[in-house]
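According to the working numbering, the sequence shown holds residues 266 to 777 in order. Using N, Cα and C, we set each Cβ at its ideal position, and we do this for glycine too.
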Amino acid sequence: MKTQHREAQVAPLLDPSTLAPFVDPVVIPQIAVPSGTLPDPEDTSARIPRYDIDIHEARVKVHRDLPATRMWTLGGAFPGVTLETKSGHAMQVNWKNNLPSHHFLPIDHTLHGAGKSVPEGRSVIHLHGGRTPAASDGYPEDWVVPGKTQTCFYPARQDAALLFCHDHSMGINRLNIYAGMQGFFIVRDDVEERLNLPKGKYEVPLLICDRLLRTDGQLYYPVSPDPASPWVPEVFGNAILVNGKLLPYLDVEPRKYRFRLMNGSNGRFYRFSLENKAAFHQIASDQGLLAAPVARTRLPLAPAERADIIIDFSQMKGEKVELRSDAFSILQFHVGRVPVQDESSLPSVLHPIPRLQESEAVRTRRLTLDENLDPEDRSMGMLLNNTPWHMPITEKPVLNTTEIWELINLTEDSHPIHLHLVRFQILDRRPFDTFNYFSNNTVRYTGPAVPPDPGELGWKDTARTDPGMVTRIIVPFQGYAGRYVWHCHILEHEDNEMMRPFEVLPAAGGPI
Ligand code: C2O
Ligand code: CU
Ligand code: CU
């Protein structure tokens with residue numbers, strides 16, 4: 266068969282355990298430099314920085330002993346160039362698509378929006394976690410072709426947090442992100458600044474993602490047995506990359522560090538811990554600081570979730586300590602022997618986060634997560650509220666109102682559900698009888714509600730919804746009216762219909 270013939274010509278899959286571990290240092294992505302300024306569209310007496318970022322193919326060295334890997338990048342590196350700003354300091358980013366016209370990963374042309382006539386080198390960048398006007402949010406169908414530029418205005422009127430930019434192209438965003446189209450976007454503010462957390466070289470963003478590599482260093486993206494429809498429901502790699510390096514090490518001083526962890530995997534959930542079982546403190550989740558640090562020895566992180574942790578290495582002088590996720594080594598810290606002065610603090614209180622009251626919600630929506638892997642009917646793969654992407658918009662919250670969304674997971678998987686534009690809080694998760702739901706469409710709870718984990722008590726933009734549970738989130742729709750999307754952040758699910766638009770309607774009597 267043709268596919269087998271082609272497979273035979275390429276290098277076999279790499280077993281990362283055959284490589285020397287911890288020989289490459291962790292690399293911190295460059296901070297983008299503005300190429301100029303322009304008048305602030307919201308206040309023409311002010312000027313804002315303009316960034317011009319090229320999206321293009323590049324060769325990225327993931328390990329000392331592997332040939333460089335072909336990737337598609339935001340600015341020539343993986344992770345892409347980091348954008349950084351202060352809360353309320355807007356910027357314009359011109360994302361220039363300079364991709365080749367043909368994809369190097371297997372497109373499934375049967376997926377919605379990915380037909381044979383659609384340009385393969387398309388891109389549309391979304392700022393995940395950004396409170397961004399709809400026109401700049403990177404709507405999946407608003408892709409541009411090679412040679413064209415997507416202009417985005419990011420007001421960044423939001424609290425300090427680790428956000429990230431990534432591709433969102435309809436039907437292929439799993440491939441584009443797997444190919445490398447991801448990068449950090451850091452929002453800072455005075456609240457965070459005053460806390461005197463470890464900063465500068467003691468603040469380290471880490472994008473962690475899994476890949477499958479071939480022995481020639483090239484990315485392998487798995488395919489189904491059907492050549493006409495190569496989509497697979499999930500991808501798990503055995504090569505875990507940390508800022509684009511496979512099994513790197515990081516030299517640290519025996520003092521406190523702030524690590525800003527981001528799960529950039531297509532579908533892998535992590536449970537981080539230190540090899541020596543030492544406790545660390547989680548200080549932030551997706552949308553910024555928690556109310557207070559949470560001491561823990563294990564940190565779960567679903568795809569697209571972020572967490573900031575403080576690790577104090579002062580009691581580990583001269584040691585080598587691995588960061589692990591279950592059986593996987595992620596990276597190795599090389600702790601210096603020489604004692605150092607540590608002027609930074611780990612405050613016992615970070616900043617107040619008012620818990621939203623259920624009574625603030627004007628509306629409760631029941632939304633199901635559905636899965637039907639009938640091989641005869643792939644259009645019915647995974648859905649939100651049993652409704653495919655192209656159907657008319659059904660969720661239309663009003664700007665400046667608060668809603669409760671009850672996410673009823675009828676599937677056998679955990680799905681990280683993400684809403685664009687907003688930040689929300691998790692109310693609880695509660696087990697229910699799925700069979701009863703299938704037979705009469707009603708939720709019969711089978712146990713008490715489980716409160717969110719302590720590390721989930723801050724503001725979130727992505728929430729784990731576990732199988733057999735109703736996950737309730739409370740969402741203030743603030744920022745901008747317009748059309749946005751919500752979806753599962755397992756990228757294979759998202760690309761195959763587990764994504765829906767929603768529209769924020771203008772506030773009654775208010776400006777649009
Ligand atoms: Cu990470 Cu639709 O986004
Ligand atoms: Cu997003
Ligand atoms: Cu999913």
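* Do V346 and G340 have their CB atoms nearer than 8 Å? -> Start at 1 with the first residue of the sequence shown, and residue 346 comes out as number 81. Start at 1 with the first residue of the sequence shown, and residue 340 comes out as number 75. Taking 8 Å as the Cβ cut-off, V346 and G340 qualify as a contacting pair.
* Please specify which runs of the alpha helix (DSSP H), each continuous and at least 4 residues long, are wholly inside the segment 391 to 479, giving them in chain order. => DSSP runs (the alpha helix (DSSP H)) wholly in the segment 391 to 479: 438 to 443, 455 to 459.
* Can M647 be considered in contact with ligand 3, in the sense that its beta carbon sits closer than 7 Å to one or more heavy atoms? -> Counting from one through the sequence shown, the residue named residue 647 turns up at place 382. Within the cutoff, so yes.
* Sub-8 Å separation of R571 and R525 beta-carbons -> Here residue 571 refers to the residue found at position 306 when the sequence shown is read from its first residue. Here residue 525 refers to the residue found at position 260 when the sequence shown is read from its first residue. The answer is yes: Cβ separation under 8 Å.
* **S382 versus A444: straight-line alpha-carbon distance, rounded** => To locate residue 382, count along the sequence shown from 1; it is residue 117. To locate residue 444, count along the sequence shown from 1; it is residue 179. Those two C-alpha atoms are separated by around 21 Å.
* With a CB to CB cut of under 6 Å and the five nearest residues on each side skipped, what residues in its chain are close to I574? -> Residue 574 sits at position 309 when you count from the first residue of the sequence shown. Same-chain partners within the cutoff: F524, F545, Q547.
* Of all residues in the structure, which have a C-beta closer than 5 Å to any heavy atom of ligand 2, taken in chain order? -> The answer, residue by residue, is H393, H685.
* To do: Specify the secondary structure class of H321 as computed by DSSP and reduced to three states.
  => Counting from one through the sequence shown, the residue named residue 321 turns up at place 56. It is a strand residue.
* **Residues of its chain near T416, where Cβ-Cβ distance is below 6 Å and the 5 sequence neighbours each way are ignored** => Numbered from 1 along the sequence shown, position 151 holds the residue referred to as residue 416. Scanning its chain for C-beta atoms nearer than 6 Å, with the 5 sequence neighbours on each side dropped, one finds around T416 the residues N359, in chain order.
* To do: Give the straight-line distance between the Cα atoms of F237 and L392, rounded to the nearest whole angstrom.
  => Because the chain in this structure spans residues 266 to 777, residue 237 falls outside the shown range and cannot be described.
* Asked: In terms of DSSP beta bridges, what is A728 paired with?
  -> Taking the first residue of the sequence shown as position 1, residue 728 is located at position 463. DSSP, once it has assigned bridges, lists I682 as partnering A728.
* Asked: What are the boundary residues of the beta strand (DSSP E) that F545 is part of?
  -> For the purposes of this step, residue 545 is identified with residue 280 of the sequence shown, where counting begins at 1. Unbroken beta strand (DSSP E) run through F545: 545 to 550.
* Look at the alpha carbon of P440 and the alpha carbon of W724, and state the distance between them as a whole number of angstroms. => Sequence index remark: in the sequence shown, residue 440 carries index 175 (1-based). Sequence index remark: in the sequence shown, residue 724 carries index 459 (1-based). Inspection of the sequence shows that residue 440 is occupied by Leu rather than by Pro. One C-alpha to the other measures close to 29 Å.
* If you count every other CB in all the chains shown that lies within 10 Å of the CB of D455, and 16 or more means buried, which is it? -> Mapped onto the sequence shown, residue 455 falls at position 190. By the beta-carbon neighbour count (other beta carbons within 10 angstroms, threshold 16), D455 is exposed.
* Check S538 in the structure and name its three-state DSSP category. => On the sequence shown, residue 538 is found 273 positions in, with the first residue counted as 1. Correct three-state label for S538: strand.
* To do: Starting from F700, trace the alpha helix (DSSP H) both ways and give me its first and last residue.
  => The count along the sequence shown starts at 1 and reaches residue 700 at position 435. In the DSSP assignment, F700 falls within the alpha helix (DSSP H) that extends over 699 to 705.
* To do: Could you pull out every residue in the same chain whose Cβ sits closer than 6 Å to the Cβ of S231, ignoring the five residues on either side in sequence?
  => A query on residue 231 cannot be resolved here, the shown segment of the chain reaching from 266 to 777 and no further.
* Specify, as a first and last residue, the run of the alpha helix (DSSP H) that E636 falls within. => Here residue 636 refers to the residue found at position 371 of the sequence shown. Careful: E636 lies outside any alpha helix (DSSP H), inside the beta strand (DSSP E) at 626 to 636.
* To do: May I ask whether a heavy atom of ligand 3 can be found less than 7 Å away from the beta carbon of M734?
  => To locate residue 734, count along the sequence shown from 1; it is residue 469. No, ligand 3 has no heavy atom inside 7 Å of this Cβ.
* Spatial distance of Y745 from M356 (CA atoms) -> Position 480 of the sequence shown holds residue 745. Position 91 of the sequence shown holds residue 356. Cα to Cα, Y745 sits roughly 17 Å from M356.
* Is the beta carbon of T659 sitting closer than 8 Å to the one on I739? -> Counting from one through the sequence shown, the residue named residue 659 turns up at place 394. Counting from one through the sequence shown, the residue named residue 739 turns up at place 474. No, Cβ-Cβ distance for T659 and I739 is not below 8 Å.
* Asked: Could you give the residue range of the alpha helix (DSSP H) that holds E518?
  -> In the sequence shown, the residue the question calls residue 518 occupies position 253. Run containing E518: none; DSSP gives neither H nor E here.
* Under three-state DSSP, which class holds L370? -> Here residue 370 is taken as the residue at index 105 of the sequence shown, counted from 1. If DSSP states are grouped into helix, strand and coil, L370 belongs with coil.
* With respect to 7 Å, is the separation between the Cβ of V750 and the closest non-hydrogen atom of ligand 4 below this value? -> Among the ligands in the structure shown, ligand 4 does not appear; only ligand 1, ligand 2 and ligand 3 can be found there.
* **Under the three-state DSSP convention, the category S644 falls into** => As a first step, residue 644 must be located in the sequence shown, where it is residue number 379. Legend: pLDDT at S644 = 48, less than 50; position of this residue unreliable, value from coordinates given subsequently. The DSSP-derived three-state label of S644 is helix.
* Asked: How is the beta strand (DSSP E) around L596 delimited, first residue to last?
  -> Taking the sequence shown and counting its residues from 1, the one referred to as residue 596 is at position 331. Segment 593 to 600, the beta strand (DSSP E) holding L596.
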